[in-house]
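A.B. asks: This is the structure I have questions about; it appears just below.
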Amino acid sequence: SQQGEEDPQALSIQEGENATMNCSYKTSINNLQWYRQNSGRGLVHLILIRSNEREKHSGRLRVTLDTSKKSSSLLITASRAADTASYFCATVRIQGAQKLVFGQGTRLTINP
Amino acid sequence: DAGVIQSPRHEVTEMGQEVTLRCKPISGHNSLFWYRQTMMRGLELLIYFNNNVPIDDSGMPEDRFSAKMPNASFSTLKIQPSEPRDSAVYFCASGDLAKNIQYFGAGTRLSVL
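So the sequences go chain by chain: B and A.
Counting from 1, position 75 in the first sequence corresponds to residue 75 in our numbering; the numbering is continuous, with no gaps.
Counting from 1, position 101 in the second sequence corresponds to residue 101 in our numbering; the numbering is continuous, with no gaps.
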């Protein structure tokens, strides 16, 4: 079964607005990662947050992690048309196991 | 680096035929992963290798699927015989064991008629 569940499944906003996507998971994790997938392409790693971190920033991306609630959020600020893609969270459950378990993804559409 | 290279990009075949998908990981990476992506089931891990050794093949759907990694720069995923339900996009990804991050190829879109 999928470890991560993204919410919402689809999100459509205007360019310039902020986009927030959420991810919930079921078991203890070593780290949580967010990936982006443009249509017809492979996934691209965006950011990794470790289980002992609560927040991380990378450019216009902000990720939070709440291990007590087993949830994470990805915030994209000042969205651009180029941000249109599917976004996936993925968890690594056991240190050293290397196995990423992906959620079903959030389809983000940025309207110009 | 050219990134993870998969071939072919598209494959159309008839039910019962053998299909071989190929992957060249990023040089220096020591882990390799095969995934399958469909609308219904999302992204599923099929098998992964560390240092060319298969570690977890629990995601391989059935005996018709097999994967090999004869050396650090090449891996294959074979389906024999193929069935229409195998139609999907198959991704290969490679990574560094120490960093946990995976780098994906562009995928092979397989259609089994």
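Note that the Cβ used here is the ideal one computed from N, Cα and C, for glycine as well.
These numbers come from a predicted model, not from an experiment.
Between the region 76–90 of chain A and the region 17–26 of chain A, do three or more beta carbon pairs fall short of 8 Å?
C.D. replies: yes
A.B. asks: Just to confirm my understanding: we take S87 of chain A, look at its own chain, exclude 5 residues before and 5 after, and list those with CB closer than 7 Å. What are they?
C.D. replies: As a working note, residue 87 of chain A is residue 87 in the second sequence. If we look at S87 of chain A and ignore the five residues flanking it on each side, its Cβ neighbours are L110, S111 and V112.
A.B. asks: From the beta carbon of L108 of chain B, is the nearest beta carbon of chain A less than 8 Å away?
C.D. replies: Here residue 108 of chain B refers to the residue found at position 108 of the first sequence. With its beta carbon at least 8 Å from every one in chain A, L108 of chain B lies outside the interface.
A.B. asks: Using a Cβ cut-off of 8 Å (strictly closer), state whether S94 of chain A contacts chain B.
C.D. replies: Here residue 94 of chain A refers to the residue found at position 94 of the second sequence. No, no contact with chain B.
A.B. asks: With 8 Å as the threshold, decide whether the Cβ of R36 of chain B is near any Cβ in chain A.
C.D. replies: For the purposes of this step, residue 36 of chain B is taken as residue 36 along the first sequence, with counting starting at 1. No - not a single Cβ of chain A is within 8 Å of the one on R36 of chain B.
A.B. asks: Quick check: the Cα distance between K26 of chain B and Q102 of chain A, rounded to an integer number of angstroms?
C.D. replies: Start at 1 with the first residue of the first sequence, and residue 26 of chain B comes out as number 26. Start at 1 with the first residue of the second sequence, and residue 102 of chain A comes out as number 102. Rounded to whole angstroms, K26 of chain B and Q102 of chain A show a C-alpha spacing of 22 Å.
A.B. asks: What's the C-alpha gap between F49 of chain A and A106 of chain A?
C.D. replies: Position 49 of the second sequence holds residue 49 of chain A. Position 106 of the second sequence holds residue 106 of chain A. Those two C-alpha atoms are separated by around 19 Å.
A.B. asks: Contact criterion: CB-CB distance below 8 Å. Does K26 of chain B meet it with respect to chain A?
C.D. replies: For the purposes of this step, residue 26 of chain B is taken as the residue at position 26 of the first sequence. Chain A contact via Cβ: absent.
A.B. asks: Can you tell me where the beta strand (DSSP E) holding Q14 of chain B begins and where it ends?
C.D. replies: Looking up residue 14 of chain B in the first sequence gives position 14. First-last of the beta strand (DSSP E) with Q14 of chain B: A10 to Q14.
A.B. asks: Going by other Cβ atoms of all chains shown within 10 Å of its Cβ, with 16 needed for buried, is I76 of chain B buried or exposed?
C.D. replies: Position 76 of the first sequence, counting from 1, holds the residue named residue 76 of chain B. Taking a 10 Å sphere around the C-beta of I76 of chain B, we find 16 or more other C-beta atoms and assign the residue as buried.
A.B. asks: Against R93 of chain B, what residues of chain A qualify as contacts under a CB-to-CB distance less than 7 Å, listed in chain order?
C.D. replies: Start at 1 with the first residue of the first sequence, and residue 93 of chain B comes out as number 93. Per Cβ cutoff of 7 Å: no residues; R93 of chain B is ~12 Å from chain A at best.
A.B. asks: Report yes or no: is there a C-beta of chain B within less than 8 Å of the C-beta of I5 of chain A?
C.D. replies: As a working mapping, residue 5 of chain A is identified with position 5 in the second sequence. By this cut-off, I5 of chain A is not an interface position.
A.B. asks: Looking at L48 of chain B and L61 of chain B, is the spacing between their C-beta atoms short of 8 Å?
C.D. replies: In the first sequence, counting from the first residue as 1, residue 61 of chain B sits at position 61. In the first sequence, counting from the first residue as 1, residue 48 of chain B sits at position 48. Their beta carbons are not under 8 Å apart, which means L61 of chain B does not touch L48 of chain B by this criterion.
A.B. asks: Cα-Cα, which of B:F88, B:Q37 and B:P112 is closest to Q104 of chain B?
C.D. replies: Taking the first residue of the first sequence as 1, we reach residue 104 of chain B at position 104. Checking every option, the nearest Cα to that of Q104 of chain B belongs to B:F88.
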